[in-house]
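Working notes for the structure below.
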Amino acid sequence: MKLKPVIVTNNPLTKASLETKYEVIFNPDASLLDILITVRDYVHKGHRLLTHPLMGSIKPNQTPYKSVAVSRQCFDEIDLMSLNIIEDSILKAEQLIKSKKHLFIITEFLRILV
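Convert by adding 2 to the 1-based position in the sequence shown; the result is the number in the numbering used here.
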């Protein structure tokens, strides 16, 4: 069964290139975590992930943009695979953001010492 997507994004280029073909939920002020949490909310309502939330060759903490496709169709039951993937993605993103903050603090501390 082929599912029609809804694209959740904070990327203006994604919005511009896909909005004529697909439904696009666009929030230009959303952070990476905001997008992932919005996607998790869709999954909780019965939508399914159609793309992996952390796909791509750029680490999630190195780009401000994130786009994730979920099914337009809402199912009666929560898809446990989609739920596990989005929850794991949120945890991974939080870890990367936290480690980036720690690295920044250590770098600033060392800069002051030198």
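No residue lacks a Cβ here, since even glycine has one placed at the ideal position from N, Cα and C. As the structure is a computational prediction, the values presented were derived from the model and not from experiment.
Task: Top-ranked residue by Cα proximity to K4, from I99, I88, I87, Q75 - done: Mapped onto the sequence shown, residue 4 falls at position 2. Among I99, I88, I87, Q75, the Cα nearest to that of K4 belongs to Q75.
Task: Where E117 falls: helix, strand or coil (DSSP) - done: It is not possible to answer for residue 117, since the shown part of the chain is limited to 3 through 116.
Task: Best match in T22, I27, A32 for proximity to T65 [C-alpha to C-alpha] - done: Within the sequence shown, numbered from 1, the residue matching residue 65 stands at position 63. Comparing Cα positions, the closest option is A32.
TODO: Below 7 Å CB to CB, which residues in the same chain sit around P14 once its five sequence neighbours on both sides are set aside?
DONE: On the sequence shown, position 12 is the one that residue 14 refers to. Closer than 7 Å at Cβ, skipping near neighbours: P30.
Task: Cβ pair R42, I9 closer than 9 Å - done: On the sequence shown, residue 42 is found 40 positions in, with the first residue counted as 1. On the sequence shown, residue 9 is found 7 positions in, with the first residue counted as 1. Their beta carbons are not under 9 Å apart, which means R42 does not touch I9 by this criterion.
Task: Span of the alpha helix (DSSP H) around I39 - done: Numbered from its first residue, the sequence shown carries residue 39 at position 37. First-last of the alpha helix (DSSP H) with I39: 34-46.
Task: N- and C-terminal bounds of the beta strand (DSSP E) containing T53 - done: For the purposes of this step, residue 53 is identified with residue 51 of the sequence shown, where counting begins at 1. Counting along the chain, T53 falls outside any beta strand (DSSP E), and DSSP gives it neither H nor E.
- [ ] Closer than 8 Å by C-beta to D78: which residues in its own chain qualify, once you throw out the five before and the five after it? Chain order, please.
- [x] Within the sequence shown, the letter at position 76 stands for residue 78. Once the five neighbours on either side are set aside, the close Cβ partners of D78 are G48.
Task: Continuous beta strand (DSSP E) stretch holding P7: start and end - done: Looking up residue 7 in the sequence shown gives position 5. Looking at the DSSP string, the run of the beta strand (DSSP E) that includes P7 is 7-11.
TODO: Assign I107 to one of two classes, buried (16 or more other C-beta atoms within 10 Å of its C-beta) or exposed (fewer than that).
DONE: Sequence index remark: in the sequence shown, residue 107 carries index 105 (1-based). Residue placement at I107 cannot be trusted, given a pLDDT of 49 that sits under 50; what the coordinates show is reported in the next sentence. Answer is exposed; the Cβ neighbour count stays below 16.
- [ ] Pick out whichever of V72, N86, Q97 has its Cα sitting closest to the Cα of P7.
- [x] Stepping through the sequence shown from its first residue, residue 7 is reached at position 5. That would be V72, whose Cα lies nearest to the Cα of P7.
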